[in-house]
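Some notes on the structure that comes next.
Chains as they are written, first to last, in our numbering: chain Y, 970 to 1221; chain Z, 183 to 389.
The structure is reproduced here in structure tokens:
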């Protein structure tokens, strides 16, 4: 795996509050280039908020988030976001765009030549396992849930951003398709060497995808470590999540 | 057969229908060019939403005959005050539907767009307006049908149109004359409804 210790994103004493209520607080951690950091936590634990602080959909109330060593507040937000691929659970494919236009969105915003965009789109569809000739002209409503998510991933990769943010992208899929996509995505991530921040509440998914797991609880990052380290963690919330991993027999 | 209103008044019906269409299309044209931008504006500057929708709402509640009358001291009689009144009536459905159409765009789509680095203008032009187009056109359709109806009253202030037959028919108690105005007006309204509804369906985005 092409992993080194250069920092892609750094959180420094970050707190984000809304209506005087902190949604996340005292976040201090770094995301290394090329790693797949999975933010794990139950609903409302602040994992999505943490992610949105990276592409400045939120700006920190206190502290700062550094992207490429520069605080996000000093970045031009448009430039920043175009360096960061973004995939969300509802996918957010544009229903009035064909697959081809959806995937080619960021390149076209960046002013690429139409021919260049087309080549890139075909390349990406191939990469995510969709036959370009068959799928390029379709509209999102003509795709299955799994196919849509593949398009979502292709779209996020389109302008070759160094960092990908993924917010429970496989959450709405059936378990079989989900596992398929998780495994494919893991290979893809390792092959492309992208830095990925992945939000999920599914511990299985975390273990499949993560090079490190960050466990969030009540707006704080309570555990951060490799999967092995996470297994050994004695934090009650990690134990609760590990409990979910046990075989069905044990939990009955 | 010679006395049937559509035959008897055919040349006049044609003339007044054209006058009628002229009044309505100019008014709807202006209402679209002013109303849609206003509707977009209030999605961006939310503090303007209450006052703008409020004014459009009040305009809508003024009885049409009264509005035509109220405009006489300001704009005199004839085509100009008639077009002003019809435009004012058309604002509410157009502004409101533009606003509703845009604010009803799935937040996930908007967030995906913003997250991928679309500027506000790009998001508006490439995503929000195309997705809201069906709802916006529904507003235009409602406004057009209302305007076609109200334009018959414009004859009262000398703006012509199919209302001329109706007012004349009322004063001389002649049903045929009233129908010569009312029937074409109803047909135009139905046709406008069908045609704009058809375009609306064409542009509606499947989800």
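Each residue gets a CB set at the ideal place from its N, CA and C atoms; glycine is no exception.
Non-local C-beta neighbours of residue 323 of chain Z in its own chain, meaning closer than 8 Å and more than five positions away in sequence, comprise 374, 375, 378, 379, 382, ordered along the chain.
Nearest neighbour of residue 1177 of chain Y by Cα position, chosen from Y:1048, Y:1209, Y:995, Y:1005, turns out to be Y:1005.
The Cβ atoms of residue 1015 of chain Y and residue 1135 of chain Y do not sit closer than 7 Å to each other.
Interface residue (Cβ-Cβ distance to chain Y less than 7 Å): residue 317 of chain Z is not classified as such. The continuous stretches of beta strand (DSSP E) do not include residue 1101 of chain Y, which lies in the alpha helix (DSSP H) extending over residues 1101-1104.
Along the region 288-304 of chain Z, going in chain order, the ones with a CB nearer than 9 Å to a CB of chain Y are 288, 289, 290, 291, 292, 293, 294, 295, 296, 297, 298, 299, 300, 301, 304.
Per DSSP, residue 362 of chain Z has no beta bridge partner at all.
The beta-carbon of residue 985 of chain Y is placed no less than 7 Å from the nearest beta-carbon of chain Z.
Contact note: residue 313 of chain Z reaches chain Y through 1063, 1064, 1065, using a C-beta cutoff of 9 Å and chain order.
At least 7 Å separates the beta-carbon of residue 1024 of chain Y from that of residue 1057 of chain Y. The distance from the Cβ of residue 291 of chain Z to that of residue 206 of chain Z is about 35 Å, inconsistent with a contact at the 8 Å cut-off. Under the three-state reduction of DSSP output, residue 1075 of chain Y falls in the helix class.
At a cut-off of 7 Å between beta carbons, residue 354 of chain Z makes no contact with chain Y. Straight-line spacing of the CA atoms in residue 1110 of chain Y and residue 1121 of chain Y works out to 13 Å. Counting the other CB atoms within 10 Å of its CB gives residue 1207 of chain Y a total of 16 or more, which places it among the buried residues. The Cβ neighbour count for residue 236 of chain Z, taken over all protein chains shown within 10 Å, is under 16; the residue is labelled exposed.
DSSP lists Y:985 as the bridge partner or partners of residue 993 of chain Y.
When the Cα atoms are used, residue 213 of chain Z and residue 283 of chain Z turn out to be separated by approximately 17 Å. Taking all protein chains in view, the Cβ of residue 1198 of chain Y is surrounded by fewer than 16 other Cβ atoms within 10 Å, so the residue is classified as exposed. Taking the CA atoms as reference points, residue 1050 of chain Y sits about 35 Å from residue 233 of chain Z.
Assigned with DSSP and collapsed to three states, residue 1126 of chain Y falls in helix. With the criterion set as a beta carbon lying under 8 Å from some beta carbon of chain Z, the members of the region 1065-1099 of chain Y are 1065, 1074, 1075, 1078, in sequence order. DSSP places residue 1025 of chain Y outside both helix and strand once states are collapsed to three, so it counts as coil. Only exposed fits residue 189 of chain Z, as fewer than 16 other CB atoms lie within 10 angstroms of its CB. Residue 1137 of chain Y does not reach chain Z, its nearest Cβ partner there being about 12 Å away, counting only Cβ pairs nearer than 8 Å.
Between residue 1008 of chain Y and residue 1183 of chain Y, the C-beta gap is smaller than 7 Å, which places the two residues in contact.
Relative to the Cα of residue 208 of chain Z, the nearest Cα in the group Z:197, Z:254, Z:272 belongs to Z:272. Residue pairing by DSSP puts residue 1189 of chain Y in a beta bridge opposite Y:1186. Annotation: the continuous alpha helix (DSSP H) that includes residue 1088 of chain Y extends over 1083-1096. Judged by DSSP secondary structure, residue 229 of chain Z falls outside any beta strand (DSSP E); it is assigned neither H nor E.
Put simply, the region 288-306 of chain Z does not touch the region 192-200 of chain Z. Fewer than three CB pairs are less than 8 Å apart. DSSP places residue 1152 of chain Y in the uninterrupted alpha helix (DSSP H) bounded by 1144-1161. Closest by C-alpha distance to residue 341 of chain Z, out of Z:293, Z:259, Z:363, is Z:259. Within chain Y, the residues whose beta carbon sits less than 7 Å from that of residue 309 of chain Z are 1063, listed in sequence order. In this structure, DSSP gives residue 1064 of chain Y a state outside helix and strand, which the three-state scheme calls coil. Secondary structure note for residue 335 of chain Z: it is in no beta strand (DSSP E), with a DSSP letter that is neither H nor E.
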